[in-house]
Structure formats: C-alpha cells, structure tokens
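In what follows, a single structure is set out as structure tokens and then discussed.
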Amino acid sequence: MQTKTITEGAMLAGVTVLLAVLGSVFSSVSLVLPVPLAIMVYRNGLRPGIIVSVTSALLSALILRSVLVSFDIIAIGLVGIALGITLREKFNITQIVGLVTGSAIASMILRAVSLSILFGTNIINVYTEVFDQTSEQWIKILESTGFTPEFIAEYNESLIVLINVVKKLIPIGLVITAFAQAIIALIISRLILRRLGDEVPGLPPFRTWKWPWYFIWLFFLSVLLNTISGFLSLEILSVIGLNLISAFLVLFFIQGLAIVWFYFDKNAVPTFYRVLFIFLLFFPSTIGVFILAIFGVLDLWFDFRNRNNDPKKEELK
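Each number in the working numbering corresponds to the 1-based position in the sequence shown with 5 added.
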C-alpha cells in the first residue's frame, strides 16, 4: 500500500473507533459511523476499506471490552462500504440511495442476528415486550389518577389495538430508519469529500423532489391488498398491505413538504418560520402531516410546481 493510503487508513480507523466509543454513550452517533469507511473506500478502494473496517472493529472491541461492538462496526461498515463503492463507481443518485438503503437494512438484520447468536435475544421480542410494558405502565398511571374503570377499560382496548398496529409496522420502521441513515451518511460524506477536493453527486434540491406518477397506482394497489386481507382473514397480507400503505403515505408527505418548500424558496421565507412550520406539523396535532400527504398525491396529477414554471423541477426515478 502507498504511504498516503496507510496514513488515511490509520486516521479514519481512529475516527471510526472514536465514533464507536461515543456511540456506546449516545446511540445517535451510530448514524455517522459509516462515513469514515465511505471516505476510505471512495478514495482508496474496497480492499483498504475492508481492512480499516476490521481494524476499527477489533480496536473498538478491545477498548469497550465488548465482542458485540465489533459485530456492530462490521455490520454498520457495510453501509459505508456500499456508499464508498457507489460514489467511486459514479452511480446516479437514485442508485446510490437505493443501494445504500438496502445495505443499511442488511446491516440491521446482521446486527439482530449477531445479537441473537451471542445473547439468545430476539430483537423483535424485545420491541414487543417494550410496547407491552409501556401499555401496562399507562394503565397503572390512569388507575392511580382516579379515572373510572369504564374509561380505563375503553382506553386499554384502544391501546391494545394501537400497539398491535405498531408491531405490524416494524418492517416499514426498519426501512425508514435505513433510508434516513443512507441520506445522513451521503450528505455528511459529500460535505467532507468536497472539502477534500473531490466532486461527488448529491441529492437534488428538496424543493424539486417529485416521485414517479405510477406511485399513486401502487398506493391504490396496497390499499386494495389490505382490503382483501380483511375479507380473507390473512394476517400476512394485512401486514404487507399496512406497511405498503404507510410507506407511500410517508413518501407522499415528503412530496407535499417539497411543494411547501418550493413556495418557501420562491417567497424567500425566513428559516425561523420554516422551522416553526415543521414544528406545527407535528404539534399539537399531526393533521398537517395528512394534509401534506394529500397534496403530495394531488401533485402527481396536477403538477403544482410545473404550473409555476419552475425550471429546476426534477422527478426522482
């Protein structure tokens, strides 16, 4: 290996170990853990990137005295390696996000499998137990505050239904988390690489985001699938349909928000009001989220931003 590659590898391995140590205290740090490996693979190739990944895993395990940490770094390293390769091979932005999201999902599955092998823990069971314990705690709080037994019984029934729905939505939660990790890793890696003098593709401006027109028909098919599952009493179809519906609602919400951002940019709305708008979308009610999702659906037909002759409008394919 060249001296430059060895030097960069040692430095980025050190950064990865530092992030792993911080991640043991602040779990959100794990979102940026793939970045050093992505930079290493992009600048020096796959083999040096794998060496840095393994070295970082071993050092982190020694420092934190945990075998699980080494498995975590190897698993999360898949995201960095995938990002580095796709950037190095000059894939388009849709391919980059798709492949990195896929690698993030594989990373989560690998971590869950390693947790199961090492400690005999089923991560799905852990989440469901947390939901059940939360439900029991809420019921105890209501009982201690003097609510009537009838109200508590009705609340408990509603809570059970809600928890069952949340359990079914674990797959889409996994995908959304993986997508967020891919986007965060891409944005941070691109910022660093540009500072180092490398030109890599980035996401198109958010104001231009627009999903392909056929997404609306896929959404209708997912609703139909969920409806059929009710008539046939097939749990697996219900889970698939519910997750697909949730996925498309998230996508349509994002497109609706992009429409709002288009008008924010067009009218030079200050950052403070943009942040306030985002806050009010979720608090005190989430009705604004559903309204934006509806606008996102309508935009596939009426193309609101194109009517305003936005020359930078792009479709994500």
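The C-beta atom is built at its ideal place from N, Cα and C for all residues, glycine as well. For clarity, every value in this text was computed on a predicted model and none was experimentally measured.
For residue i, tell me which candidate among the options has the shortest Cα-Cα distance.
i, options, result
"Ile264", "Leu254, Phe309, Trp222, Gly293", "Phe309"
"Ile44", "Gly202, Leu63, Arg212", "Gly202"
"Ile181", "Thr8, Leu249, Leu123", "Leu249"
"Phe224", "Ile193, Leu256, Leu196, Val244", "Leu256"
"Leu64", "Ile296, Leu17, Val37", "Leu17"
Residue j and residue i - do their beta-carbons sit closer together than 8 Å?
i, j, result
"Gly14", "Leu42", "no"
"Ala80", "Val105", "no"
"Ile114", "Leu191", "no"
"Leu69", "Val40", "no"
"Gly89", "Gly54", "yes"
"Ala111", "Ile128", "no"
"Gly178", "Arg195", "no"
"Lys172", "Thr133", "yes"
"Trp222", "Gln260", "no"
"Ile78", "Thr21", "yes"
"Val294", "Leu286", "yes"
If you reduce the DSSP assignment to three classes, tell me which class residue i lands in.
i, result
"Arg195", "helix"
"Ser290", "coil"
"Ala273", "coil"
"Phe156", "helix"
"Glu148", "helix"
"Tyr132", "helix"
"Lys9", "helix"
"Tyr219", "coil"
For residue i and residue j, I'd like the C-alpha separation in whole angstroms.
i, j, result
"Glu155", "Gln142", "18 Å"
"Phe220", "Phe253", "8 Å"
"Pro217", "Gly107", "20 Å"
"Phe288", "Phe282", "10 Å"
"Asp270", "Arg212", "8 Å"
"Thr8", "Arg199", "22 Å"
"Asn313", "Ile299", "Any reading at Asn313 is ruled out, since the residue's pLDDT is 46, under 50, leaving its predicted position unreliable."
"Ile98", "Tyr47", "15 Å"
Can you give me the Cβ contacts of residue i inside the same chain, cut-off strictly under 6 Å, excluding the 5 residues immediately before and after it?
i, result
"Ser119", "Phe76"
"Ser58", "Leu42, Gly82"
For residue i, which residues of its own chain have a beta-carbon under 8 Å away from its beta-carbon, when the five flanking residues on both sides are left out?
i, result
"Val37", "Leu24, Ile189, Ala190, Ile193"
"Val228", "Gly246, Ile250"
"Leu303", "Phe309"
Hey, is residue i close to the ligand HEM, as in C-beta under 7 Å from one of its heavy atoms?
i, result
"Val166", "As far as ligands go, the structure on display features none, and thus does not contain the ligand HEM."
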